[in-house]
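Residue numbers (the working numbering), protein chains in the order written: chain A, 543 to 857; chain B, 119 to 437; chain C, -10 to 264.
From the three backbone atoms N, C-alpha and C, an ideal C-beta is built for every residue, glycine too.
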Amino acid sequence: MAHYILKRSGLLIIVVFGVTIATFVLMNMAPGDQAEMVAIARYGLENLTADEIENIRISEGLDAPVWVQYFHWLSHIAQGDFGHSLVTGDPVSQEIIARIPATLLLSITSLVFSLLIAIPAGVISAVKHNSFVDHGVRIGAMLGATIPNFWLALLLILLFSVTWDWFPVFGYGTASHIVLPAVTLGAGMAAVTTRLIRAGMLEVLKQDYIISARAHGISEKRVIFRHALKNAFIPVITVIGMQLGHLLEGTVIVESIFAWPGLGKLLVDSIYARDYAVIQACVLLFAVFFVLINLLVDLLYVILDPRIRYDRGAG
Amino acid sequence: MATTLLSIRGLTTVFHCRQGQIEAFNNVDLDIDQGQVLGLIGETGCGKSVLGMSILRLLPPNGVSRGQIIYKYRDLLGLSPQVMQRIRGAEIGLLPQNPSASLNPVLSVGQQLMEGLRLHRMIKKEKARVAAQTLLGCYGLRGFNNRYDEYPHQLSGGMKQRVLAALSITGKPSLLIADEPTKGLDGVARNQVVALLRQLTRETKMALLLITHDLKVAANLCDQIAVMYCGEIVENGPVGKVLVSPLHPYTQGLLASLPENGLHPIPDYSPGVPGDIQGCRFYPRCRYRQDKCSCQTIKNKRINETYVRCLSASEGREN
Amino acid sequence: MCILENKLAFAGMVIIAMLVILALFAPLLAPHDPYVQSLGQSLIGPCRDYPFGTDEFGRCVLSRIIYGTRISLVIGLGVTTMSTIIGVVLGMVAGFHNGRLDEIIMRVVDVFLAFPGLILALVVAGLLGPGTLNVVIALTVVGWMGYARVIRGAVLAEKEKEYIGAVQTFGAGDCYIMLRHLLPNVMTPIVVMASAGVGYVILAAAGLSFLGLGAEPPAPVWGAMLNYGKAYLQSAPHLTIFPGLAIMITVLAFNFLGDGLRDQLDPRMKNLHFR
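Next comes the structure, spelled out in structure tokens:
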């Protein structure tokens, strides 16, 4: 177990290191002279002189070789210094920290929403295999998995805000503000998880230990929820982890539509404004989140499945 | 004479498939007395395991049973699913066919035992834990009290079977169905299972329906033997008669095919699905066949204490 | 189950064929010019002249959707082709020369996979600026890793087989073995992945253009149509409904095809779309 965590963590460090290089290269490939952009941001376009651009180039270390710039940048971000926003001039780290809670809140709410839908739907669908309900769930899952989230968002707004006025169109702050964004973001995940739980339950319900549990007189409810669901759920956890990555992607679009003040909206706004410092920090943060989630999911899987837990422990 | 515990009359089970109906067995009559050990023997695929699951009403969703299964004056086929669920484990237990796949991989051995104990004996968690450990001790896991918190994949096949045996009697059933308990085991392990089953029946006085293809195990444990061929019971009688002086040509063939009797196999193979055979299902492979065997429904014939489904069977005919 | 899915695969193929026809014969099939503005007729709901209504500049939505199939299919097929080529080359090289080269390529794959795909595409497209080609580049940057992984795995399994050893004893070169013997044997998973992949690319491209990072404004792009239509959600919901339907039907069609092909060609890959 400890050995496994160590190995995974070692790999994680290599990947994160690679991610910093990739992010840095990406930003340096962007068209335009960085010194000029910083200068424009600082002094405005009108009173800009070539001297000032050169001064910034030297003071910001932009005249140094690329690899020196990289390690310079890396040493700064290692200390939590992501530079200053080209637009507002504020420290990027402050801006980002202010945005994290909103994204976290939205992601967790969506995840909970998706599980609240997926677990009952998947279980019912499998237990009532090939019934009317099962077909309904399958069609729903198919549509849910393919509907573009930006379109779903617009349809939900059209229905629940414009037509019925149940929930606000956009904003942040009250519980009713989170409903539409969370449903939009959670729908796709709910669909995929439903399918997996259904497939897993169908497979598990055929197993000998389920028949054996029934033969011992255990009630059907208990057979399904204690014996079958736990087995069916373990492989689903990995996929939920991968889905969380997609959830992060989804925040970009959903936060933009619903004006949700999270990291995703910050990233899109910075792209519009070409605020490289913020883009760079956001991308890095998203990637690190993504990698960490994958690591956590792997560990959770190991903890939950007794077969892996002990085999790894022994070996 | 002992009272009849389970009485099966005219039981037929079919599976509905895309190709139509497939018959597992047809028109089976069978009685088990209290405390009796009945061996149901036959080749793989003859329908004997399905019979066991039909009694428990645990067939796959496409399986349907017709007929009567009278257990303690109640027809099991007429009971509601809720009542049937209360019968399982408490009245009729199952020692499942495949021990290595019949324990839940994500629950510990102790959790599974305790679940059964708390369900059937209505006892508190702490008492159930002690009872579970006692049970494990009784069934050969004595030196392994720490096995309690282990998971099924950490146990050997034999240990799993012992856990399942303990589990199957937590509800103190009056009848235990043991489905192929010695399948795929070597000689030593097989003897251990036989000893375990003997311990179970002797200590609990429960009846046992032993489904097996192993004649030696059946001879060792059973009072009564029923022989199944192609979904029909062809011979049913006391162990001393059926396995010593068999009346049906199929039973004779089974005995002749044992190594100690010279390894004479029955010619040809057992047909997979008998379909709508009119007469005797053993007709194509029978040494004593006559034309009349294939064109009429064969009735059970009683010879002494044995019922046999053969036209030419008579007392004293030996192979 | 099997029959149902093959029916779906067939339906997917029919829809894709119809989309291709729409794209090829757009000038003949579209009732109006997708670019011509007539401000007097802006924001008309669906009617006889304009089955899907008109947008804020009075342009026919149906015609713009029909022309939009061109851009969507070009992006979908272009990105998938490029991703496949990159993935196949790197995956084959990694699988064939396992060792240091394999290690390097797979670490690069890991690093690219560490970014949530759409976010990286968004940033690349944002930095490159608007334009269809830039969308293709951005989506290819994030799309090739899956192909490389699958190909590498398939090559690793395939090259252990005896016939590869036999070919090597004839003195065949590595390139020859890879192209002539390995490639045909690892094509099946690629075909399956690519057919569903086109759908995902079209979806992602629509997402980018919805955020304003696609082709330049007058071009009839589905995602951008949704983006401009959302301002008129209350007065002209048809601007939101029809382009969205077009995206969804297209994505569904490619998914159906992918699922059907997977079941037909390789039942072992049942779980592929989960990975």
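Residue of the options minimising C-alpha distance to residue i
i: residue 143 of chain B; options: B:152, B:181, B:176; result: B:181
i: residue 815 of chain A; options: A:579, A:557, A:568; result: A:579
i: residue 592 of chain A; options: A:575, A:608, A:607; result: A:575
i: residue 273 of chain B; options: B:212, B:187, B:195, B:219; result: B:219
i: residue 371 of chain B; options: B:398, B:404, B:357; result: B:404
i: residue 190 of chain B; options: B:268, B:291, B:279, B:248; result: B:291
i: residue 37 of chain C; options: C:105, C:20, C:77; result: C:20
i: residue 230 of chain C; options: C:3, C:14, C:54; result: C:54
i: residue 415 of chain B; options: B:238, B:352, B:421; result: B:352
i: residue 133 of chain C; options: C:155, C:164, C:183; result: C:183
i: residue 115 of chain C; options: A:645, A:605, A:555, A:821; result: A:821
i: residue 61 of chain C; options: C:254, C:236, C:251; result: C:236
i: residue 722 of chain A; options: A:769, A:838, A:651, A:670; result: A:651
i: residue 257 of chain B; options: B:229, B:322, B:413; result: B:322
i: residue 684 of chain A; options: C:241, C:131, C:247; result: C:241
i: residue 224 of chain C; options: A:836, A:700, A:615; result: A:700
i: residue 96 of chain C; options: C:110, C:138, C:112; result: C:138
Cross-chain neighbours of residue i in chain B, by beta carbon under 7 Å
i: residue 756 of chain A; result: 176, 206
Residue i: first and last residue of the uninterrupted alpha helix (DSSP H) it sits in
i: residue 788 of chain A; result: 771 to 799
i: residue 419 of chain B; result: Premise fails: residue 419 of chain B lies in the beta strand (DSSP E), 419 to 421, not in any alpha helix (DSSP H).
i: residue 611 of chain A; result: 608 to 620
i: residue 416 of chain B; result: No alpha helix (DSSP H) contains residue 416 of chain B, which DSSP labels as neither H nor E.
i: residue 135 of chain C; result: 134 to 148
i: residue 151 of chain B; result: Segment 138 to 151 is the beta strand (DSSP E) holding residue 151 of chain B; no alpha helix (DSSP H) there.
i: residue 601 of chain A; result: 592 to 601
Contact under 9 Å by Cβ, residue i with residue j
i: residue 337 of chain B; j: residue 361 of chain B; result: yes
i: residue 131 of chain B; j: residue 172 of chain B; result: yes
i: residue 83 of chain C; j: residue 91 of chain C; result: yes
i: residue 599 of chain A; j: residue 631 of chain A; result: no
i: residue 168 of chain C; j: residue 87 of chain C; result: no
i: residue 211 of chain B; j: residue 125 of chain B; result: no
i: residue 691 of chain A; j: residue 201 of chain C; result: no
i: residue 428 of chain B; j: residue 157 of chain B; result: no
i: residue 328 of chain B; j: residue 283 of chain B; result: no
i: residue 22 of chain C; j: residue 228 of chain C; result: no
i: residue 656 of chain A; j: residue 741 of chain A; result: no
i: residue 205 of chain C; j: residue 105 of chain C; result: no
i: residue 704 of chain A; j: residue 800 of chain A; result: no
i: residue 254 of chain B; j: residue 266 of chain B; result: yes
i: residue 696 of chain A; j: residue 222 of chain C; result: yes
Contacts that residue i makes with chain A (C-beta to C-beta distance below 8 Å)
i: residue -4 of chain C; result: Chain A residues near residue -4 of chain C: none, gap ~13 Å exceeds 8 Å.
i: residue 132 of chain B; result: Per Cβ cutoff of 8 Å: no residues; residue 132 of chain B is ~19 Å from chain A at best.
i: residue 99 of chain C; result: 553, 556, 557, 560
i: residue 238 of chain B; result: 759
Within chain A, the residues that residue i reaches when beta carbons sit closer than 7 Å
i: residue 96 of chain C; result: 556, 560
i: residue 233 of chain B; result: 760
First and last residue of the uninterrupted beta strand (DSSP E) at residue i
i: residue 353 of chain B; result: 350 to 356
i: residue 761 of chain A; result: Per DSSP, residue 761 of chain A belongs to no beta strand (DSSP E) and is neither H nor E.
i: residue 186 of chain B; result: 181 to 189
i: residue 858 of chain A; result: Outside the shown range of chain A (543 to 857) lies residue 858 of chain A, about which nothing can therefore be said.
i: residue 215 of chain B; result: From DSSP, residue 215 of chain B is part of no beta strand (DSSP E); its letter is neither H nor E.
i: residue 297 of chain B; result: 293 to 297
Cross-chain neighbours of residue i in chain B, by beta carbon under 8 Å
i: residue 769 of chain A; result: 222, 225
i: residue 848 of chain A; result: 223, 224, 226, 269, 271
i: residue 773 of chain A; result: 222, 223, 224
Neighbouring residues, chain C, relative to residue i (Cβ below 7 Å)
i: residue 628 of chain A; result: Those within 7 Å of residue 628 of chain A in chain C number zero; the least Cβ separation is about 14 Å.
Interface partners of residue i on chain A, CB under 9 Å
i: residue 237 of chain C; result: 685, 688, 689, 690, 693
i: residue 214 of chain B; result: 750, 751, 753, 754, 757
8 Å Cβ cut-off: residues of chain C touching residue i
i: residue 833 of chain A; result: 103
i: residue 787 of chain A; result: 105
i: residue 809 of chain A; result: 108, 111, 112
beta-carbon residue i near the ligand SAM non-hydrogen atom, thresh 8 Å
i: residue 8 of chain C; result: The model depicted lacks the ligand SAM and carries no ligand whatsoever.
### Query
What are the start and end residues of each continuous beta strand (DSSP E) run of 3 or more residues lying completely inside the region 186 to 210 of chain C, in chain order?
none
### Query
Mind pulling the alpha helix (DSSP H) runs of 4 or more residues that sit fully within the region 669 to 731 of chain A?
674 to 688, 691 to 698
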